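Before any comments, here is the structure.
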Amino acid sequence: SGFNTNFDRFSIAKADIGYAFSFNDKLALKVESNGGFKIGDKSTNTLGFALGGYGANFINNFYSFYGYDYISILADSFVKATFTLDYELFKKHHLIVAANFANIEDGIFETGEWLTAPDYSGYAIGYSLETFLGPLEGKYTYSPETGQSHWFFNLGFWF
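Structure below.
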């Protein structure tokens, strides 16, 4: 189309990995790591990476990040780690505590910024109830960098 008449090709590389540890029948820890970068032309930033909010949107490189509003941190490359502790209080009732940390900016793999201490962090505490529609969740999130907090709610499974 005529939107970008001087379009140069680019590619996006990304990786997601995670593992869950069960300490006993009531307590579990989930560890996740994500990262990605753009290769080639950087003039089109619409398909870069966006962090913020809570939820899963498997299009356009959106990643959840506690303590920040939806799509509030944008760049062409990032690394992120999330730690989630899940404790089952009663049958089908879960208390969740989570923390996530990230470095996100343009060209972090070229400058070595991805190996430094995280620039962004966020924390969450939540409650989840298993229902016939899927999980019903409420999470309170906070970021020390911005001093802001957000509430997020979710009903059902992510597909």
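To convert, take the position in the sequence shown, counting from 1, and add 620; that gives this note's numbering. Ideal Cβ placement from N, Cα and C applies to all residues, glycine included. Keep in mind the model is a prediction, meaning the values are calculated, not measured.
CB-CB under 7 Å to residue i, same chain, minus the five flanking residues each way: which ones, in chain order?
i	result
Lys646	Tyr707 and Glu708
Ala695	Gly668, Phe669, Ile724, Glu725 and Asp726
Glu750	Lys712
Pro764	Ser741
Glu733	Asn723 and Glu725
Ala633	Gly656, Phe657 and Ile659
Phe641	Ala648 and Leu649
Could you check where the alpha helix (DSSP H) with residue i kicks off and where it finishes?
i	result
Thr666	Premise fails: Thr666 is in no alpha helix (DSSP H) and is neither H nor E.
Ile728	Ile728 to Thr731
Is the distance from the Cβ of residue i to the Cβ of residue j below 9 Å?
i	j	result
Ser785	Lys658	Because the chain is modelled from 621 through 779, residue 785 falls outside the range shown and cannot be assessed.
Asn720	Gly742	yes
Lys759	Tyr690	no
Gly660	Asp636	no
Phe630	Lys662	yes
Thr702	Ser653	yes
Gln768	Tyr683	no
Leu715	Leu649	no
Val699	Ile679	no
Could you name the residues of the same chain whose beta carbon sits closer than 8 Å to that of residue i, not counting the 5 residues immediately before and after it, in chain order?
i	result
Gly754	Leu775, Gly776 and Phe777
Thr736	Asn723
Trp771	Gly758, Lys759, Tyr760 and Thr761
Phe643	Leu649
So the beta strand (DSSP E) residue i belongs to, where does it begin and stop?
i	result
Phe685	Neither: Phe685 is in no beta strand (DSSP E) and is coded neither H nor E.
Glu767	According to the sequence as given, residue 767 is Gly; it is not Glu. Looking at the DSSP string, Gly767 is not in any beta strand (DSSP E), and its letter there is neither H nor E.
Phe703	Ser697 to Phe710
Gly655	Leu647 to Gly660
Tyr639	Phe630 to Ser642
Leu749	Tyr740 to Thr751
Asn680	Note, Asn680: premise wrong, no beta strand (DSSP E); not H, not E.
Tyr760	Gly754 to Tyr762
Leu715	His713 to Ile724
CB-CB under 6 Å to residue i, same chain, minus the five flanking residues each way: which ones, in chain order?
i	result
Gly638	Glu652
Leu756	Leu749 and Leu775
Phe773	Gly758
Asp739	Asn723
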